[in-house]
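Chain order of the listed sequences is L and D. For any residue, its number in this note's numbering is found by taking its place in the first sequence, counting from 1, and adding 228. For any residue, its number in this note's numbering is found by taking its place in the second sequence, counting from 1, and adding 218. Below is one structure; the comments refer to it alone.
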Amino acid sequence: MSVPKALRMPIGLKAITLGFVAFWCVIAAFPIFWIAVMSFKEPLDSFASNPLSVIFGPSTRESGKGLSVFDILIGLSAIYFIYRFTIYHLPKWVSKCSPFNLIVVGWLLAALLVALVVVVVFGVLFPPILAFVNGLTGFLGTPIIGFTTEHYLAVWAENEFYRNFINSIIVTLGVVTISLSIGTLAGYGLARSGFDIAFWILIGALIFRALPHSVLVSGYLPVFVNSAEYLRPILGEHAPTFYGQPLAVIMVLVAINQPFTIWMLRSFFQNIPKELDESARVDGCTHFQAFRWVIMPIMWPGVITTGLFSFLLAYNDFLVTSLLLDAQNQTMVPAIAGYFNRETTTTDQVEAVAAAVSITAPLFLLVMVFQRQIVSGLTAGAVKG
Amino acid sequence: MKFKVFAAFAGPSLLLMLIFIAVPLVNVFLQSFQNTQSIFETVEIETCTPGFGTQTCITESETRPVLGEDGRVLEKTIFVGWESYRNILRPDQAWEAVKQLNWSALMAIDFWKALRFTLTFTLISLPLVIGLGLVIAVAVNNLAKSIRGQVIFVSLLPFIITPVIGALSIRWLFIGDGILTVLLEWWLQMDIAMFAQAWTIELMMLFYRVWHVAPFAFVVFYAGLQTVNNDTLESAIIDGASRFERLRYVVIPHLMPLIIFVSLIHLMDSYRVFEEIVGFSSQAHVISLQWLTYDFLVPDESGNRSISRASASSMLTMIGIVIILIPLLRKTWNDHRARVL
């Protein structure tokens with residue numbers, strides 16, 4: 229369908245629009261791009277006041293750590309191919325290969341695979357090959373941009389950031405699975421029942437959604453710290469202290485996330501025609517069977533979208549995890565707060581930057597793979613809710 | 219669907235919300251009127267040192283915590299009434315400051331300082347987020363289809379980034395002789411220290427928040443723009459409406475429910491502004507209501523948490539959010555009644 233002439237834009241307006249969008253994209257991406265650049269430089273370069281020396285990193289280059297023209301070309305083309313693959317081929321591939329009702333697992337595996345490929349290609353495969361080729365190519369092989377991965381090594385190996393990473397994974401996965409499994413049940417129930425009470429539950433959930441999290445945490449904290457004493461009469465000697473337990477934090481985050489989850493899933497369920505479960509009921513299914521075998525298979529888009537938002541909530545949380553987890557079980561985000569509070573030398577600061585980039589990288593991959601779902605989720609939640 | 223079936227479906231979720239949201243709220247309410255302290259006793263201790271002929275004895279009274287049978291410090295919880303609230307609100311001091319119209323004296327009290335920041339932050343960022351989101355949505359909607367995907371991808375980045383990290387990434391651009399500070403200094407020809415006074419920190423926080431939330435508004439509005447009725451637009455054109463008039467009288471009314479939705483979410487979220495304080499380490503200059511509660515909950519040097527005061531400040535924070543929600547709840551209630559009747 230061609231655009232009617234009257235709706236077409238004059239050239240001037242078109243240029244302004246294009247310029248504005250370009251400007252917005254720069255603003256949106258710049259801070260993230262910049263911390264990524266900073267994290268690969270020696271401290272002197274990262275915090276230089278001249279942007280050019282942050283990008284090219286003269287002092288990093290002088291200490292012999294840098295990228296040549298050749299390295300950059302190879303790296304950029306590798307990034308381009310991986311990007312093309314995840315955007316255009318991966319979705320088809322996943323839906324073809326994974327069995328119908330396990331498509332979530334398929335997506336998770338695919339995301340993991342992409343991450344693994346990136347790590348292997350850039351971390352293991354490229355350095356020795358490129359070092360060898362650079363030696364041969366002369367001018368193209370001499371470093372022109374300062375580049376060092378030492379801060380990442382320091383953060384992940386010396387400071388044992390991988391422990392925080394594992395804790396983050398445990399908490400995030402726990403929150404996503406539990407909140408989706410009980411959320412879909414509740415969302416279905418709320419969407420299909422005509423009871424007045426369903427309306428009141430949704431209003432209550434809306435109020436709960438508005439509560440600042442610190443309000444809830446001040447309710448949990450004394451109970452969690454003393455839980456062993458409270459539970460001893462019931463559970464005997466093995467009564468657990470909830471404070472510092474990942475499981476307790478998972479339950480707290482699930483509960484905090486429930487209001488949003490049920491609102492969103494309810495609006496997805498309402499899009500599925502009622503006749504579908506009615507016909508299943510006529511064929512002799514119970515309510516639960518109709519839900520499990522008829523409705524769930526066509527609900528995956530909604531479930532994936534809601535899952536993404538649960539993931540973001542759990543992964544990005546600072547307040548709850550920093551107050552309810554002790555130092556050994558700390559997740560990544562509160563751990564980085566510890567970094568910049570004790571920052572003394574500039575090296576520590578660049579390590580904090582590297583840790584920040586490490587936390588952002590999985591999110592970046594996530595948007596790359598799930599962009600369409602995020603947009604449809606925001607839309608569904610907004611337009612119908 | 220029978221009620222029993224409904225209960226079975228919604229039960230687990232409701233139970234969880236009851237245990238982890240409703241019960242803690244009651245608990246917070248009770249805690250705000252109580253205070254738990256260690257029990258101390260005063261004992262007289264006689265210390266004697268051998269001297270010439272007689273012993274020199276000194277009797278000192280010492281205050282020490284009472285230990286229970288298991289060797290732990292005994293604690294007791296007492297009802298303190300409004301004391302914790304008074305500790306936070308400092309009504310006398312605040313009233314004195316109001317009477318003398320002494321703004322800085324009022325701002326010396328943490329709670330009022332936090333309230334001032336939270337409210338101005340919420341109210342200033344709201345129109346910025348809505349406006350920017352709307353402008354980006356209209357602009358992207360006018361782009362060629364082929365590049366919209368990339369633009370949306372880039373736009374989503376600020377939205378999904380961890381809030382603390384997002385705030386940090388802005389902070390690192392400005393801190394010390396960060397490149398943006400240098401740029402500003404060159405532009406304004408003056409010496410700038412972005413982290414030395416409250417208002418520059420607040421500006422950076424506003425910038426961060428708008429940067430973080432505008433993509434959300436953009437995506438929602440963009441989705442709404444896809445459903446604008448083309449016939450209405452065409453008839454507006456036939457009636458001679460200019461581009462701006464079409465936007466003003468056709469598109470914006472169509473998007474109105476979405477604008478209300480985004481404003482609502484934004485009010486809720488920016489009222490609990492917190493991560494900015496952590497990311498910019500601004501507690502010396504700027505604090506927010508949620509940060510105030512957080513600060514009470516973090517153990518002090520001797521490992522004590524002021525639970526009672528945290529609960530009181532939580533209750534005060536909640537009153538604020540309820541006031542914000544009242545218009546919405548009334549509207550929902552009226553809609554619901556209209557539907558039932």
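All C-beta atoms in this analysis are idealised placements derived from N, C-alpha and C, irrespective of residue type, glycine included.
If you drop the 5 nearest sequence neighbours on each side, which residues of the same chain put their C-beta closer than 7 Å to that of valine 358 of chain D? On the second sequence, residue 358 of chain D is found 140 positions in, with the first residue counted as 1. Within the same chain, valine 358 of chain D has close Cβ partners Arg366, Val369, Tyr440.
Rounding to the nearest angstrom, what Cα-Cα distance links lysine 612 of chain L and serine 495 of chain L in this structure? Position 384 of the first sequence holds residue 612 of chain L. Position 267 of the first sequence holds residue 495 of chain L. Bear in mind that a pLDDT of 46 at lysine 612 of chain L, under 50, signals an unreliable position, so the number given afterwards is only what the model happens to contain. Using only the alpha carbons, I get a separation of about 6 Å.
Consult DSSP for valine 261 of chain D and reduce its assignment to one of helix, strand or coil. For the purposes of this step, residue 261 of chain D is taken as the residue at position 43 of the second sequence. Here valine 261 of chain D sits in strand by DSSP.
Write down the C-beta distance between serine 488 of chain D and phenylalanine 339 of chain D rounded to the nearest angstrom, noting that I regard them as a contact closer than 8 Å. In the second sequence, residue 488 of chain D corresponds to position 270, counting from 1. In the second sequence, residue 339 of chain D corresponds to position 121, counting from 1. Confirmed, about 6 Å.
According to DSSP, serine 296 of chain L sits in a beta bridge with which residue or residues? Position 68 of the first sequence holds residue 296 of chain L. Looking at the DSSP assignment, serine 296 of chain L forms a beta bridge with L:Pro371.
Cross-chain neighbours of tryptophan 335 of chain L in chain D, by beta carbon under 7 Å: In the first sequence, counting from the first residue as 1, residue 335 of chain L sits at position 107. Those do not exist, as tryptophan 335 of chain L stays about 17 Å from chain D at its closest Cβ, beyond 7 Å.
Got a sec: is the Cβ-Cβ distance from alanine 565 of chain L to anything in chain D below 8 Å? Taking the first residue of the first sequence as position 1, residue 565 of chain L is located at position 337. Closer than 8 Å: yes.
Which residues of chain A have a Cβ atom closer than 7 Å to the Cβ of glutamine 311 of chain D, listed in chain order? Within the model displayed, chain A is absent; protein chains L and D are what it includes.
Using a Cβ-Cβ distance under 8 Å, would histidine 441 of chain L count as near chain D? Within the first sequence, numbered from 1, the residue matching residue 441 of chain L stands at position 213. Residue contact with chain D for histidine 441 of chain L: present (Cβ-Cβ distance below 8 Å to some residue of chain D).
With a Cβ-Cβ cutoff of 8 Å, do valine 404 of chain L and glycine 530 of chain L count as a contact? On the first sequence, residue 404 of chain L is found 176 positions in, with the first residue counted as 1. On the first sequence, residue 530 of chain L is found 302 positions in, with the first residue counted as 1. Their beta carbons are not under 8 Å apart, which means valine 404 of chain L does not touch glycine 530 of chain L by this criterion.
Applying a beta-carbon distance threshold of less than 7 Å, which residues of chain D neighbour glycine 417 of chain L? Position 189 of the first sequence holds residue 417 of chain L. Within chain D, the C-beta atoms nearer than 7 Å to that of glycine 417 of chain L come from Phe224, Phe227, Ala228, in chain order.
Mark threonine 376 of chain L as exposed unless 16 or more other C-beta atoms lie within 10 angstroms of its C-beta, in which case mark it buried. Residue numbering aside, residue 376 of chain L sits at position 148 when the first sequence is read from its first letter. So threonine 376 of chain L ends up on the buried side.
Interface residues of chain D around tyrosine 448 of chain L at Cβ under 7 Å? If you number the first sequence from 1, residue 448 of chain L lands on position 220. Simply Pro242.
Using a Cβ cut-off of 8 Å, pull out every chain D residue sitting near cysteine 253 of chain L, in sequence order please. Within the first sequence, residue 253 of chain L is the residue found at index 25, counting from 1. By Cβ distance, chain D contributes Val369, Val372, Ser373.
Touch test, the segment 264-278 of chain D against the segment 472-484 of chain L, Cβ-Cβ under 8 Å, three pairs minimum: Flag = no, the segment 264-278 of chain D and the segment 472-484 of chain L do not touch.
Under 9 Å by beta carbon: chain L residues contacting glutamine 508 of chain D: Here residue 508 of chain D is taken as the residue at index 290 of the second sequence, counted from 1. Those within 9 Å of glutamine 508 of chain D in chain L are Pro440, His441, Ser442, Val443, Leu547.
Judging by CA-CA distance, which residue of D:Val504, D:Met533, D:Glu301, D:Ile388 is the nearest neighbour of arginine 427 of chain D? Indexing the second sequence from 1 puts residue 427 of chain D at position 209. For arginine 427 of chain D, the nearest C-alpha among the options comes from D:Ile388.
Three Cβ pairs or more, each shorter than 8 Å: is that satisfied between the segment 475-492 of chain L and the segment 225-239 of chain D? Yes, the segment 475-492 of chain L touches the segment 225-239 of chain D.
Determine the DSSP secondary structure at glycine 613 of chain L, reduced to helix, strand or coil. By 1-based counting over the first sequence, the position of residue 613 of chain L is 385. Residue placement at glycine 613 of chain L is poorly supported in this model, since its pLDDT is 43, which falls under 50; the coordinates still yield a value, given next. The three-state reading of DSSP puts glycine 613 of chain L in coil, since its state is none of H, G, I, E or B.
Taking proline 279 of chain L as the query, report the chain D residues whose CB atoms sit under 7 Å from its CB, ordered along the chain. Reading the first sequence from its first residue, position 51 is the one you call residue 279 of chain L. The contacting residues are Ile397.
If you follow the alpha helix (DSSP H) that lysine 324 of chain L is part of, which residue opens it and which one closes it? By one-based count along the first sequence, residue 324 of chain L stands at place 96. Start and end: 318-325.
When Cβ atoms are compared, which residues of the segment 387-418 of chain D fall closer than 7 Å to chain L? If the cut-off is 7 Å between Cβ atoms, the segment 387-418 of chain D has Ser387, Ile388, Trp390, Leu391, Gly394, Asp395, Ile397, Val400 near chain L.
Excluding sequence positions up to five away, which residues of its chain have a Cβ less than 7 Å from the Cβ of isoleucine 398 of chain L? Here residue 398 of chain L corresponds to residue number 170 of the first sequence, with the count starting at 1. If we look at isoleucine 398 of chain L and ignore the five residues flanking it on each side, its Cβ neighbours are Pro474.
Just to confirm the assignment, what range does the alpha helix (DSSP H) spanning glycine 417 of chain L have? To locate residue 417 of chain L, count along the first sequence from 1; it is residue 189. DSSP places glycine 417 of chain L in the uninterrupted alpha helix (DSSP H) bounded by 389-420.
Which stretch, first to last residue, makes up the alpha helix (DSSP H) that contains phenylalanine 436 of chain D? The residue labelled residue 436 of chain D in the question sits at position 218 within the second sequence. Residues 416-443.
On the premise that leucine 295 of chain L lies in contact with isoleucine 373 of chain L, defined as a C-beta separation below 8 Å, what is that separation, rounded to the nearest angstrom? Here residue 373 of chain L corresponds to residue number 145 of the first sequence, with the count starting at 1. Here residue 295 of chain L corresponds to residue number 67 of the first sequence, with the count starting at 1. Right, their Cβ atoms sit about 5 Å apart.
Does the beta carbon of arginine 523 of chain D come closer than 8 Å to any beta carbon on chain L? Mapped onto the second sequence, residue 523 of chain D falls at position 305. Yes - at least one Cβ of chain L is within 8 Å of the one on arginine 523 of chain D.
By how many angstroms is the C-alpha of histidine 515 of chain L removed from the C-alpha of glycine 229 of chain D? Here residue 229 of chain D corresponds to residue number 11 of the second sequence, with the count starting at 1. Here residue 515 of chain L corresponds to residue number 287 of the first sequence, with the count starting at 1. Going by the C-alpha atoms only, they are around 15 Å apart.
Any beta-carbon of chain L closer than 8 Å to the one on tryptophan 429 of chain D? Within the second sequence, the letter at position 211 stands for residue 429 of chain D. By this cut-off, tryptophan 429 of chain D is an interface position.
With 8 Å set as the bound, which would you pick, yes or no: does the beta-carbon of serine 495 of chain L sit closer than that to a beta-carbon of chain D? Against the first sequence, residue 495 of chain L aligns to sequence position 267. At least 8 Å separates the CB of serine 495 of chain L from every CB of chain D.
Can you name, in chain order, every residue of its own chain whose Cβ lies under 6 Å from the Cβ of serine 396 of chain L, other than the five neighbours on each side? Your numbering for residue 396 of chain L matches position 168 in the first sequence. Here the set comprises Thr559, Met560.
Proximity winner among D:Val438, D:Glu259, D:Thr336, relative to isoleucine 354 of chain D (alpha-carbon distances): Along the second sequence, one-based indexing puts residue 354 of chain D at 136. Checked all of D:Val438, D:Glu259, D:Thr336; the closest Cα to isoleucine 354 of chain D is D:Val438.
So does the segment 323-333 of chain D actually touch the segment 302-312 of chain D, counting three or more Cβ pairs closer than 8 Å? Look at the beta carbons and you see the segment 323-333 of chain D touching the segment 302-312 of chain D: at least three pairs across the two are nearer than 8 Å.
Suppose you measure from the CA of serine 460 of chain D to the CA of leucine 374 of chain D; what does that come to, to the nearest Å? Taking the second sequence and counting its residues from 1, the one referred to as residue 460 of chain D is at position 242. Taking the second sequence and counting its residues from 1, the one referred to as residue 374 of chain D is at position 156. Each residue's Cα considered, the two are about 32 Å apart.
Out of D:Val431, D:Leu482, D:Trp417, state which residue places its alpha-carbon closest to the alpha-carbon of leucine 543 of chain D. On the second sequence, position 325 is the one that residue 543 of chain D refers to. Out of D:Val431, D:Leu482, D:Trp417, D:Leu482 has the C-alpha closest to the C-alpha of leucine 543 of chain D.
Taking the straight line between their C-alpha atoms, what separation do you get for lysine 222 of chain D and phenylalanine 423 of chain L? In the second sequence, residue 222 of chain D corresponds to position 4, counting from 1. In the first sequence, residue 423 of chain L corresponds to position 195, counting from 1. Taking the Cα positions, lysine 222 of chain D is about 12 Å away from phenylalanine 423 of chain L.
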